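Okay, structure first, notes after.
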Amino acid sequence: MVAMQFESRKTSLMILILPFLLSFLSPVVSSSYAQDASEGKTPWETWDLDNEGLYIDCESESEGISGCDYTFPWGGNDMMQFKEYYTFDALKSRMDRIAADNSEFIQYHEGLNGGVNDRGQLTDADTYKGWHYNNEVPWVKITADVEGGETNDFNGDSGNYADRPDVMIVGNHHAREWMSHTTPMMFLETVAYYYDGGPVDNDGDGRLDEDPWGDADGDGLVDDDGDCLALAPEYQDSNGDGKACNPGDFGVDEDWSEVELTNIINNREIYLIPLLNSDGFIYDMEVFCPAPAWESCPSGGWRKNLRNNGPEPLPDPNEQVDEDCDGVDLNRNYQFEWGWPLGATVPLIPGSCTPAEDERAGITNNDVYTGPYDTKDDDGDGRLNEDNVDGEDDDNDGLTDEDPAGGNSEPETKFIQDMTEMNDDDGDGASDYKATLTYHSYSELVLYPWGHCTGCETTDHEQLVWHGDQMAEMTDYTNMQSSDLYPTTGDFCDWHYGVHGSYCYTMEIGTAFHQHEDDIDHIAVRNNGIAIYMADIADNPRERANFGLKDVYRNQYLQKADDVLVPEAGSIPIEMCLDNEFSVDYDMDKSHVMYRMVKPSRQQSDYGAREWYTQGWSMAKFSPVEEETCQLLNESGEGYKIIANIPIDNDETGYLHYKSMVSTLGGSLKIEYPPNSQYYEIKMDYRAPYGTIFGSVMLFMTVAFFVWGGLGVCLRMMVDDDSTGEAILEAEYVEEASS
2 MVAMQFESRK TSLMILILPF LLSFLSPVVS SSYAQDASEG KTPWETWDLD NEGLYIDCES
62 ESEGISGCDY TFPWGGNDMM QFKEYYTFDA LKSRMDRIAA DNSEFIQYHE GLNGGVNDRG
122 QLTDADTYKG WHYNNEVPWV KITADVEGGE TNDFNGDSGN YADRPDVMIV GNHHAREWMS
182 HTTPMMFLET VAYYYDGGPV DNDGDGRLDE DPWGDADGDG LVDDDGDCLA LAPEYQDSNG
242 DGKACNPGDF GVDEDWSEVE LTNIINNREI YLIPLLNSDG FIYDMEVFCP APAWESCPSG
302 GWRKNLRNNG PEPLPDPNEQ VDEDCDGVDL NRNYQFEWGW PLGATVPLIP GSCTPAEDER
362 AGITNNDVYT GPYDTKDDDG DGRLNEDNVD GEDDDNDGLT DEDPAGGNSE PETKFIQDMT
422 EMNDDDGDGA SDYKATLTYH SYSELVLYPW GHCTGCETTD HEQLVWHGDQ MAEMTDYTNM
482 QSSDLYPTTG DFCDWHYGVH GSYCYTMEIG TAFHQHEDDI DHIAVRNNGI AIYMADIADN
542 PRERANFGLK DVYRNQYLQK ADDVLVPEAG SIPIEMCLDN EFSVDYDMDK SHVMYRMVKP
602 SRQQSDYGAR EWYTQGWSMA KFSPVEEETC QLLNESGEGY KIIANIPIDN DETGYLHYKS
662 MVSTLGGSLK IEYPPNSQYY EIKMDYRAPY GTIFGSVMLF MTVAFFVWGG LGVCLRMMVD
722 DDSTGEAILE AEYVEEASS
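Under the numbering used here, the residues of the sequence shown are numbered 2 to 740, in order.
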């Protein structure tokens with residue numbers, strides 16, 4: 002017995018001193034942990050926990066960084082996992098499958114229906130088929146409720162809405178540039194998998210949307226959450242470009258906002274054309290430079306389409322490809338400034354072309370052939386080609402660009418031109434594409450117009466440079482004017498900007514025409530945010546650039562939760578401070594505070610943005626605060642104040658979530674505060690009054706009557722129960738004694 006008491010006292014003593022021991026040892030433990038952490042983590046202990054393959058998958062620790070690979074949540078074969086290049090048929094099949102599985106926001110098409118185009122020319126589906134293999138161009142339309150809206154009979158798509166800006170994204174003008182079709186396919190897979198699914202912890206670190214594309218927090222580092230920087234140095238350059246924790250490396254820009262992506266899809270129309278040059282691509286992959294092309298054609302390959310440039314007047318689709326002479330460079334065949342400064346060479350004389358064998362080694366074989374001269378008197382004035390497409394009235398006849406010298410001769414460029422010019426949802430007579438993007442390879446560059454002239458600038462030069470800088474930051478590419486690389490003629494971006502005023506960019510991705518298959522995934526990941534960026538700015542890219550140049554977005558702010566004064570009763574006032582140059586549109590559909598009240602149960606106490614995603618939002622209208630100013634952030638001066646009053650009942654309790662979207666009269670739509678699809682939260686306590694003094698006294702008397710009266714009744718019952726029990730015990734005792 003004594004021994005047991007002694008052991009009990011020892012146990013009690015240990016329990017008492019355990020907290021003191023822990024507090025004493027904790028600095029030592031923390032120091033030891035910090036010492037280990039300072040040496041850096043490994044990718045598998047950061048992301049591939051318990052071999053779950055979160056974000057990356059590592060075969061074994063012993064293989065180091067080479068044993069780890071990107072793993073994408075949509076699964077599938079090596080093509081879908083971006084470990085192998087798509088063939089043309091596989092690409093079409095995958096696009097069709099994605100659209101069928103996501104028909105509420107993705108629509109698959111091949112070619113155009115045709116009809117009378119914007120130039121008065123009659124076309125049909127055959128107009129846009131490749132010369133040689135007779136394929137139509139595969140493309141998808143991406144927008145919310147794609148089966149609704151207006152139907153464009155010429156292009157063949159529905160989901161056309163006058164209030165949704167349009168963006169065109171094109172891959173593979175040049176056949177041998179295989180990464181240029183793979184990157185838009187990565188974007189398509191991303192949209193299909195993540196649309197309307199709520200926030201996702203992409204890297205499995207327990208946080209949401211903490212590392213979006215680019216340098217979101219402005220600290221000069223693209224690894225916003227620091228998980229790449231926390232790796233040991235030998236693991237920080239996973240893509241092997243010689244730069245640690247750079248775009249494309251594990252842990253960089255891996256946890257972006259899926260809600261932001263969903264908002265973009267809901268408010269834009271995206272025309273995605275991953276592979277424009279199907280003729281040339283099939284020929285390059287199957288005939289000219291079959292895999293492994295990165296070994297057999299490291300610096301060359303087939304570039305053009307397969308137009309027959311033989312001596313017969315019309316192309317003959319049944320004739321074999323003449324590798325010495327055939328084909329047109331599609332990115333020299335658009336009409337703006339066509340044929341200048343390089344001129345249009347027409348290889349009609351056999352033997353006048355460079356032998357094709359040299360092209361496999363990267364020597365040009367009329368690689369930049371711009372296509373045939375136009376031989377039609379388009380304006381009927383008895384002259385040919387006297388008013389080329391350059392935005393000027395070259396022949397002083399009161400018409401502009403009505404008799405071009407050439408260009409737009411190929412099925413593929415006709416497809417782009419007619420899709421562009423026949424897309425006019427708002428009926429203003431102009432193309433709806435305010436932003437356009439085309440992928441090429443290689444050189445790791447961001448290029449903007451002009452391309453046809455050196456020492457010249459567009460009227461939007463400063464704004465084009467600014468957007469280019471943002472995309473260069475996201476990819477660690479170099480931003481430059483196209484002609485600074487080399488002058489071009491009749492290219493996609495010069496035509497889109499020069500004729501239609503579209504902010505157009507060429508992304509020269511990767512480091513080779515036929516990039517090694519080992520590089521596919523990280524290059525596609527590195528460039529994935531570019532398409533989303535271009536879609537985002539498609540409402541008014543010029544105004545957005547002007548705001549960006551003056552840091553307007555960063556200087557404006559929505560009132561944070563700690564600064565909101567919750568009144569004793571009534572609506573909750575939420576203020577915003579806006580730059581004076583930001584002319585807000587007070588239409589509630591365009592600018593508003595979004596809010597919702599949530600009342601977590603005990604089981605929902607740890608709910609966050611992901612769990613509350615399905616809870617709907619309401620809108621509160623902004624109105625101006627007259628004759629009041631506010632101080633903008635970053636000591637940038639005074640702004641003006643707007644306010645929205647959120648109607649919350651006095652007896653409502655729980656948590657108020659709120660964020661804002663503001664648009665301008667100039668057309669910049671629904672800019673989010675706080676950024677990256679976050680929101681602020683206010684704890685709402687009970688605010689309803691408790692009544693008059695008389696009511697309070699009556700309530701007290703009622704409570705007292707039931708509580709104290711009930712207690713008295715219970716005590717009385719207990720006493721009665723004790724008396725009854727004693728009587729029973731006495732009776733039992735008497736009975737037992739008598740027996």
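Glycine included, C-beta positions come from ideal geometry on N, C-alpha and C. Please read these numbers as outputs of a predicted model, since none were measured by experiment.
Between the beta-carbon of residue i and the beta-carbon of residue j, is there less than 9 Å?
i, j, result
"aspartate 228", "tryptophan 257", "no"
"histidine 441", "methionine 508", "yes"
"threonine 88", "tyrosine 196", "no"
"arginine 773", "valine 567", "The chain is shown only over 2 to 740; residue 773 falls outside these bounds and no answer can be derived."
"tyrosine 272", "tryptophan 179", "no"
"leucine 579", "glutamine 557", "yes"
"isoleucine 649", "serine 572", "yes"
"glycine 249", "phenylalanine 514", "no"
"isoleucine 107", "lysine 142", "yes"
"aspartate 204", "glutamate 255", "yes"
"asparagine 480", "leucine 446", "yes"
"aspartate 419", "asparagine 153", "no"
"tyrosine 656", "isoleucine 683", "yes"
"aspartate 167", "lysine 435", "yes"
"leucine 331", "glutamate 411", "yes"
Buried or exposed: which applies to residue i, given that a residue is buried once 16 or more other Cβ atoms fall within 10 Å of its Cβ?
i, result
"serine 181", "buried"
"threonine 184", "buried"
"tryptophan 618", "exposed"
"tyrosine 674", "buried"
"arginine 308", "buried"
"proline 293", "exposed"
"tryptophan 75", "exposed"
"threonine 630", "exposed"
"serine 33", "Confidence is the limiting factor: at serine 33 the pLDDT is only 36, short of 50, which leaves the residue's position unreliable, though a coordinate-based value still follows. Exposed."
"methionine 535", "buried"
"asparagine 541", "buried"
"methionine 702", "exposed"
"glycine 1", "One cannot answer for residue 1 here, as it falls past the ends of the chain, which runs 2 to 740."
"arginine 269", "buried"
"glutamate 569", "exposed"
"glutamate 628", "exposed"
"proline 690", "exposed"
"lysine 415", "buried"
"serine 432", "buried"
I think residue i touches residue j, with their Cβ atoms under 8 Å apart; what is that distance to the nearest whole Å?
i, j, result
"arginine 304", "alanine 176", "6 Å"
"asparagine 389", "proline 405", "5 Å"
"glycine 112", "lysine 130", "7 Å"
"glutamine 464", "asparagine 547", "7 Å"
"serine 678", "methionine 595", "11 Å between Cβ atoms; not a contact."
"proline 450", "glycine 407", "With 8 Å as the limit, proline 450 and glycine 407 do not qualify as a contact, their Cβ atoms being about 20 Å apart."
"methionine 475", "glycine 511", "Actually they do not touch by this definition, with Cβ atoms about 15 Å apart."
"valine 171", "leucine 277", "6 Å"
"valine 500", "phenylalanine 337", "6 Å"
Hey, out of the options, whose CA is closest to residue i's CA?
i, options, result
"asparagine 409", "Asp154, Asn334, Asp226", "Asn334"
"glycine 241", "Met186, Asp58, Ile66, Pro601", "Ile66"
"serine 484", "Thr459, Asp49, Ala126", "Thr459"
"isoleucine 265", "Ser669, Ile683, Met685", "Ser669"
"tyrosine 614", "Gly198, Lys642, Ala562", "Gly198"
"glycine 252", "Asp49, Met685, Ser584, Leu550", "Asp49"
"glutamate 40", "Pro234, Leu400, Thr479, Asn581", "Pro234"
"tyrosine 487", "Asn581, Tyr504, Leu448", "Leu448"
"tyrosine 370", "Arg120, Leu400, Pro690, Thr490", "Thr490"
"aspartate 391", "Gln605, Glu287, Trp496", "Trp496"
"valine 466", "Ala539, Trp45, Cys505, Thr439", "Cys505"
"histidine 110", "Glu627, Asn528, Ile274", "Ile274"
"threonine 439", "Glu148, Asn135, His174", "His174"
"serine 584", "Asp395, Pro625, Ile575", "Pro625"
"asparagine 267", "Glu105, Tyr587, Met169, Thr191", "Glu105"
Does residue i come within less than 9 Å of chain B when only Cβ atoms are used?
i, result
"methionine 423", "As a matter of chain content, chain B is missing from the structure shown, which is built from one protein chain."
Please confirm if the stretch 452 to 465 is in contact with the stretch 519 to 531, defined as three or more CB-CB distances below 8 Å between the two stretches.
-> no
Give a yes or no on contact between the stretch 283 to 303 and the stretch 152 to 159, applying the rule of three or more CB pairs nearer than 8 Å.
-> no
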